[in-house]
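First comes the structure, then the notes that go with it.
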Amino acid sequence: MFSLLSLRAAWLFSGACLLFPGSQLTAPSEAGTLVIRQGGIYTGSYRSTDSAVPCIRIMTTEPVTLRGCQLAGAGNLIDVPNGGADLTVEHCTGIGLRPSRDQTARGHFIEINSARSLRLLNNSFAHTTGIAVYQWSGDGSATQTLQILRNTGRSIDSRYRDGGGTTASFISLNQVHGVANVEIAWNQVVNEPDNSLVEDNINIYNSSGTAQSPMRIHDNYVQGAYPYPATAPKFSGTGLITDGDQASVLTATGYIDAYQNQFVSTCNSAMNIAGGHHVRFNNNRMVTSGLLPNGQKLNATYCGIAVFNFYQQAVFGSHQVDGNVMGMVKWGANNPFPDRNDNGDYGFQIHTNTQHLPNPITLQTEQAEWTRWVSKLQQNGVHLGPGFQPAAVAQRP
Numbered sequence: 002m003f004s005l006l007s008l009r010a011a012w013l014f015s016g017a018c019l020l021f022p023g024s025q026l027t028a029p030s031e032a033g034t035l036v037i038r039q040g041g042i043y044t045g046s047y048r049s050t051d052s053a054v055p056c057i058r059i060m061t062t063e064p065v066t067l068r069g070c071q072l073a074g075a076g077n078l079i080d081v082p083n084g085g086a087d088l089t090v091e092h093c094t095g096i097g098l099r100p101s102r103d104q105t106a107r108g109h110f111i112e113i114n115s116a117r118s119l120r121l122l123n124n125s126f127a128h129t130t131g132i133a134v135y136q137w138s139g140d141g142s143a144t145q146t147l148q149i150l151r152n153t154g155r156s157i158d159s160r161y162r163d164g165g166g167t168t169a170s171f172i173s174l175n176q177v178h179g180v181a182n183v184e185i186a187w188n189q190v191v192n193e194p195d196n197s198l199v200e201d202n203i204n205i206y207n208s209s210g211t212a213q214s215p216m217r218i219h220d221n222y223v224q225g226a227y228p229y230p231a232t233a234p235k236f237s238g239t240g241l242i243t244d245g246d247q248a249s250v251l252t253a254t255g256y257i258d259a260y261q262n263q264f265v266s267t268c269n270s271a272m273n274i275a276g277g278h279h280v281r282f283n284n285n286r287m288v289t290s291g292l293l294p295n296g297q298k299l300n301a302t303y304c305g306i307a308v309f310n311f312y313q314q315a316v317f318g319s320h321q322v323d324g325n326v327m328g329m330v331k332w333g334a335n336n337p338f339p340d341r342n343d344n345g346d347y348g349f350q351i352h353t354n355t356q357h358l359p360n361p362i363t364l365q366t367e368q369a370e371w372t373r374w375v376s377k378l379q380q381n382g383v384h385l386g387p388g389f390q391p392a393a394v395a396q397r398p
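Residue numbers (my numbering): 2 to 398.
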């Protein structure tokens, strides 16, 4: 076990980041970034106003824990560019700052490449482009896997400062192939309309668990998936999607179990199976009133769960969609009730035991989902975010 390292010995200044001794992030008086080159437990406050300079960069394969860090940056807050990292990030906060250059989105809370082990526990971040996990080098054992638990995100934001934007996710996995013991659970993300730009809140792209140990995505709360502006007529994002264009069983998305999640106020679809094999969407709840909090209509809603072989993969199949609760408004549709479009399985006909909520689906129906979520946290003794803060009061976030 490593002791808490002296930060004076641990940092290397090389850009526009700063270590602050206090708990508040204030205007920097020096330039620098924390570059971690040896294992240990690190804490502190760091700030970067340069989109090209992360607040923390990790350059070691020794076990590293970031604990209680306060981060604010225009670029990636935590950057792990090399393979083999063994990283725990817990009880940290992150704020995405305005990008320092045009045609550039805010940075990720963390971007990590080919990690051996990653545990993200009880963190909170706002106005970033989320968690990005690319490839994997661990063996999928209990100590070499991926855990994303009890984190909170607000307003995933891929807008450019000069107009327009790109795509971003709360959590994205790309080419994380065949990893056992993966768990993404008890996370909460709330995206504010006209103050965020998210594509797929959770995107599982060419990534997979195993037949014996499927990737478990459960008991998460996702609210908000909107175009910008929120009333625009087109949007391709989701609450959760299995995605990816790979053709083989080994490299395509597969062995995904998504259950007991809640999706509220999502344009396009709440959940999509657009690629992969052996995907199970069971016992989830999805509610969209088709309205903004001010009563304006959303024009880009579509359905609850869509099942479609977007990439025309030969491996596409062996899916299950069962026991889901749906109340999805699409103005002018009639499935199963007027102004509704709950199921969208494009002829696959695999939706079973769906519970269709009665009309009307209203803003109060959405509010009831938040209340349900807060109660669920309390009943299960789950505390979200840094410092084991108590659950929020039961009102629309």
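Glycine is no exception: its CB is placed at the ideal position from the N, C-alpha and C atoms.
Residue i vs residue j beta-carbon contact at 8 Å
{"i": "ALA186", "j": "ASP220", "result": "yes"}
{"i": "GLN213", "j": "ALA259", "result": "no"}
{"i": "VAL175", "j": "VAL190", "result": "Note on identity: in this sequence residue 175 is Asn, with Val being the wrong assignment. Taking 8 Å as the Cβ cut-off, ASN175 and VAL190 do not qualify as a contacting pair."}
{"i": "TYR256", "j": "MET287", "result": "no"}
{"i": "ASN360", "j": "ARG341", "result": "yes"}
{"i": "THR66", "j": "THR89", "result": "yes"}
{"i": "GLY276", "j": "ASP323", "result": "no"}
{"i": "ARG120", "j": "GLY139", "result": "no"}
{"i": "ASN83", "j": "ASN114", "result": "yes"}
{"i": "ALA231", "j": "ASP195", "result": "yes"}
{"i": "THR62", "j": "ILE37", "result": "no"}
{"i": "ILE362", "j": "VAL308", "result": "no"}
{"i": "SER208", "j": "THR254", "result": "yes"}
Element boundaries [alpha helix (DSSP H), containing residue i]
{"i": "ASN381", "result": "364–381"}
Segment limits, beta strand (DSSP E) that includes residue i
{"i": "TYR135", "result": "132–137"}
{"i": "TRP332", "result": "326–335"}
{"i": "ARG281", "result": "278–283"}
{"i": "HIS444", "result": "Here the chain comprises residues numbered 2 to 398, so residue 444 is not present and cannot be evaluated."}
{"i": "ALA307", "result": "302–308"}
{"i": "LEU119", "result": "118–122"}
{"i": "ASP201", "result": "201–206"}
{"i": "GLU193", "result": "Per DSSP, GLU193 belongs to no beta strand (DSSP E) and is neither H nor E."}
{"i": "GLY154", "result": "153–155"}
{"i": "SER260", "result": "Here the sequence assigns Tyr to residue 260, which means Ser is not the residue at that position. 255–260 is the span of the beta strand (DSSP E), which, as asked, contains TYR260."}
{"i": "TYR448", "result": "With the chain running from 2 to 398 in the structure shown, residue 448 is simply not present."}
{"i": "ASN182", "result": "Per DSSP, ASN182 belongs to no beta strand (DSSP E) and is neither H nor E."}
{"i": "SER173", "result": "172–175"}
{"i": "GLN148", "result": "147–150"}
Counted within 10 angstroms of its Cβ, other Cβ atoms place residue i as buried (16 or more) or exposed
{"i": "SER142", "result": "exposed"}
{"i": "LEU385", "result": "buried"}
{"i": "LYS235", "result": "exposed"}
{"i": "GLY23", "result": "Caution is warranted here: a pLDDT of 30 is assigned to GLY23, below 50, making its placement in the model unreliable, and the coordinate value is therefore given only provisionally. With fewer than 16 other Cβ atoms within 10 Å, it is exposed."}
{"i": "THR34", "result": "buried"}
{"i": "TYR347", "result": "exposed"}
{"i": "GLY382", "result": "exposed"}
{"i": "CYS18", "result": "Unreliable positioning characterises CYS18 in this predicted model, as indicated by a pLDDT of 33, which lies under 50. The coordinate reading is nonetheless provided below. Buried: at least 16 other Cβ atoms inside 10 Å."}
{"i": "ALA301", "result": "buried"}
{"i": "TRP371", "result": "buried"}
{"i": "VAL199", "result": "buried"}
{"i": "ASP103", "result": "exposed"}
{"i": "SER49", "result": "buried"}
{"i": "LEU251", "result": "exposed"}
Residues bridged to residue i (per DSSP)
{"i": "GLY345", "result": "ALA307"}
{"i": "LEU35", "result": "ILE57"}
{"i": "VAL223", "result": "VAL190, PHE264"}
{"i": "PRO1", "result": "The chain is shown from 2 up to 398; residue 1 falls before or after that span and cannot be answered."}
{"i": "ILE239", "result": "The sequence as given places Thr at residue 239; Ile does not occur at that position. Partner(s): ASP201, SER270."}
{"i": "ALA127", "result": "ILE96, ARG155"}
{"i": "ARG286", "result": "GLN263, VAL326"}
{"i": "ASN354", "result": "Bridge partners of ASN354: none, in fact."}
{"i": "ASN360", "result": "None, per the DSSP bridge assignment."}
{"i": "ASP246", "result": "Beta-bridge pairing links ASP246 to no other residue."}
{"i": "SER209", "result": "GLY255"}
Residue i: CB within 7 Å of a non-hydrogen atom of the ligand MG
{"i": "SER49", "result": "Ligands in the displayed structure: none, and consequently the ligand MG is not present."}
* **beta strand (DSSP E) runs wholly inside the stretch 47–110, at least 3 long, in chain order** => Counting whole runs of 3 or more residues, the stretch 47–110 contains the beta strand (DSSP E) stretches 57–59, 64–68, 71–74, 79–81, 87–91, 94–97.
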